[in-house]
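A quick write-up on the structure given underneath.
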Amino acid sequence: MNEPVPVAEGDCLSQAFVLNRKDLGQLIERLKRTYERVYLPVGDAFREAGSIEGISFTGARALFGPKKYFFPPRESLFRFTKEGNIEDLLKEEKGAVIGARVCDLKALEVLDKYFGELPEPFYLTRKEGTFVAGATCTEPHQSCFCVQFGGLSTEGLKYDLWFTDFGDVILVETGSARGEEVVKDLDLLNAPKELLYRKERIIERVEREQGFRRINDKKIFDWFSEEVTHEIWERLAEECYACGKCNMICPTCHCFDVVDMTDLEGSGERVRIWDACHLFRYGLVASGHNFRGERLARAQYRIYDKFYYPYERYGIFACVGCGRCFEACSADIDLRDVLKVAGGEGS
Amino acid sequence: MKTGNIYIPKPAVIEKVEVEEPETWTFTLGTPLEHTPGQFVEISIPGYGEAPISIASPSGEKLMLTVRRTGTLTGALHRKKVGEMVGIRGPFGRGWPHQEAQGETLLLVAGGIGLAPVRPIIEDAYRGRLNYERLLLLYGAREPALLLYKKDLDRWAKKLEVFVTVDRKNGCETAPKVWDGRTGVVTELFKEVDFSPGRTWALVCGPPIMMHFATKGLISKGVPLNRIHLSLERHMKCGMGICGHCQIGGKYVCKDGPVFSVHEALSWREIPDELEGVA
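Chains A and B, in that order, give the protein sequences.
First residue of the first sequence: 406, per the numbering used here; consecutive thereafter.
First residue of the second sequence: 483, per the numbering used here; consecutive thereafter.
See the structure below:
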């Protein structure tokens, strides 16, 4: 990380550029000009960019990912007055999310499937109006296991810019026309090939340090297909508090409740709020029957909804290996244990 | 990709309110709706939210919704009067296979308020817009007072094979409300009716426990699993397959259903409570 960066000359790449760390502020200002608000990882979470002091794209994913920007925990759908007038609250919105990791972007692709099938206008409008810059993880978090789902490769991912933070300089790769525009405006120099080699070495190291192998998708799916009554489900249900934290922190969970919030006169807003399939009342219907009253059913459902149902519906897993669920879990339930069993590596 | 705000309901005026029983009212709205029997709408009252309600009227006619007062929205709806407005989204979901069944025997098994989602089919068959070799309606309610569409039941019985039963007479043993019909749960009616299982389509709707025993009964009568269809009740919050509440076995009841064949539902990795242990 502290090796000197070679000066750009001759052997350079046309889609990779060098940004000096001291110019990071300029890049953010440039993004604000077009996208109004810029969100980036500060400590544990994505927040709106203020001072660039302490901003870094090193380390691993933030505990609280950028999902909340595309799918806010609480979002007003429309406003109503007690006279019955309705005001549509769906509007074009611009923004930039920078410093998202491979797992964050893969999770957004999962959400694209779910919200795209409808198509769901609030999510898709935000997605369209948002500039996305990813960043290479330079250290794995102890709960990371993205290697099981393809690791840190950005191949096939959609992004506008991609950062790799080397300290004094940041390697900036372009992934779209609007990304190129930003780079052009900042007059960045082309990056030397050496910087890309160094990026590749970081990726290799981070993947190696995770200590996992790519899973066999079909094998995992087949296991879920066969093992609905496996003893591991009983064990999970024993341990799980059904608190819903894993739902809230998961970058692909997207269930919501819809409630009306009113003032005392009866005017208000219809609002959607994140919900969690682990919670007791999730499967409750008006007649009083609870279709998933057993904790076992809920604990099992959530995991099936990551590895079986989305594979059946869209041919994908709705897990990206970010490890947030067990970093957040009050009962220390580690999803990797289930995958180990499913992959035939343990019991 | 651009779609409008699909969460905003369309306004509809309440034209008529009929009391089926104190807790269950039928609302007729001024808006005709094209739909497939078995589909539902989300009915909305600002400040009280929405609730999924099955459509009880035939397609193209003024929208008829039979609603039991059980929650926030339904409570608010029961305070509405003729001439007041509500909101509607929909129709949503996959309806009954009533078209495929034409020319064969259609067996409708309904419990309580579960008569509402099959009502459009009965009404269309009664008026000759759907043609079945036979149409049998087996309908049960907990007690005589809770039977829906009492006048319709009498009318339908003139052309169709209608069998009605109540679990118990409950206050109707003596005049002025004497119940002289059958008593016993709806599945008891299977003993009374005769049909050829291989030429029969069975559509079932009612409380989970009733659907469970009805399905069991139909299977033992020999009706093939892919000809037994259930309308599953779950909390369809959005109605469009995105909020997740109604999901079962990876299917969205609101969008992939609410009608599923028993054959399909038994192939899921999560068996609906209604079908636990039926086959």
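Built from N, CA and C at the ideal position, the CB exists for glycine as well.
{"Item": "Beta-ladder partner(s) of Asn695(A), from DSSP", "Value": "Leu689(A)"}
{"Item": "Under 8 angstroms between C-beta atoms of Lys499(A) and Glu441(A)", "Value": "yes"}
{"Item": "Min CB distance Arg451(B) to chain A below 8 angstroms", "Value": "Residue numbering for chain B in the displayed model covers 483 to 761; residue 451(B) lies beyond these limits and cannot be assessed."}
{"Item": "Same chain, Cβ closer than 6 angstroms to Ala413(A), neighbours up to 5 away in sequence not counted", "Value": "Here Ala413(A) scores only 47 on pLDDT, less than 50, and its place in the model is too uncertain to base an answer on."}
{"Item": "Contacts of Ile625(A) in chain B (Cβ-Cβ under 8 angstroms)", "Value": "Here the premise fails: no neighbours, minimum Cβ distance about 14 angstroms."}
{"Item": "Local conformation of Glu543(B) per DSSP, three classes", "Value": "coil"}
{"Item": "Inter-residue Cα distance where the pair is Glu655(B) and Phe645(B)", "Value": "20 angstroms"}
{"Item": "Sheet register partners of Pro571(B) (DSSP bridge)", "Value": "Looking at the sequence provided, one finds Arg at residue 571(B) rather than Pro. Glu524(B)."}
{"Item": "Beta-ladder partner(s) of Lys498(B), from DSSP", "Value": "Thr510(B)"}
{"Item": "Any C-beta of chain B under 8 angstroms from that of Cys648(A)", "Value": "no"}
{"Item": "Cβ-based burial, Pro478(A) [other Cβ within 10 Å; buried from 16]", "Value": "exposed"}
{"Item": "Within chain B, partners of Gly673(A) - CB distance below 8 angstroms", "Value": "Pro528, Gly529"}
{"Item": "Within-8 angstroms CB hit, Glu643(B) to chain A", "Value": "no"}
{"Item": "Cβ-Cβ distance between Ile724(B) and Phe520(A) below 8 angstroms", "Value": "yes"}
{"Item": "C-beta atoms of Pro519(B) and Pro573(B) nearer than 8 angstroms", "Value": "no"}
{"Item": "Alpha carbon of Asp428(A) to alpha carbon of Ala736(A), nearest angstrom", "Value": "44 angstroms"}
{"Item": "Under 9 angstroms from the C-beta of Cys438(B): neighbouring residues of chain A", "Value": "For residue 438(B) there is no data in the structure shown, the boundaries of chain B being 483 and 761."}
{"Item": "First and last residue of the uninterrupted beta strand (DSSP E) at Arg484(A)", "Value": "479 to 485"}
{"Item": "Secondary structure of Ser752(A), DSSP reduced to three states", "Value": "Caution is warranted here: a pLDDT of 48 is assigned to Ser752(A), below 50, making its placement in the model unreliable, and the coordinate value is therefore given only provisionally. Three-state result, Ser752(A): coil."}
{"Item": "Cutoff 8 angstroms: Gly489(A) Cβ touching any chain B Cβ", "Value": "yes"}
{"Item": "Below-8 angstroms beta-carbon distance, Arg576(B) vs any chain A residue", "Value": "no"}
{"Item": "DSSP-derived helix/strand/coil call for Met666(A)", "Value": "strand"}
{"Item": "Within chain B, partners of Tyr602(A) - CB distance below 7 angstroms", "Value": "Going along chain B, no residue has its Cβ under 7 angstroms from Tyr602(A), so there is no contact; the nearest lies around 39 angstroms."}
{"Item": "Alpha helix (DSSP H) runs wholly inside the region 673 to 715 of chain B, at least 4 long, in chain order", "Value": "690 to 703"}
{"Item": "Contact belief for Val668(B) with Tyr621(B) at Cβ below 8 angstroms, rounded distance in angstroms", "Value": "7 angstroms"}
{"Item": "Sufficient close CB pairs (3 or more, under 8 angstroms) joining the region 710 to 725 of chain A to the region 454 to 465 of chain A", "Value": "no"}
{"Item": "Beta carbon of Tyr614(B) nearer than 8 angstroms to that of Glu643(B)", "Value": "no"}
{"Item": "Cα-Cα separation, Val552(A) to Pro471(A)", "Value": "20 angstroms"}
{"Item": "Cβ-based burial, Glu643(A) [other Cβ within 10 Å; buried from 16]", "Value": "exposed"}
{"Item": "Local conformation of Asp493(A) per DSSP, three classes", "Value": "strand"}
{"Item": "Pair within 8 angstroms by beta-carbon distance, Cys724(A) and Phe554(A)", "Value": "yes"}
{"Item": "Meets three-Cβ-pair contact criterion under 8 angstroms: the region 731 to 738 of chain B and the region 704 to 721 of chain B", "Value": "yes"}
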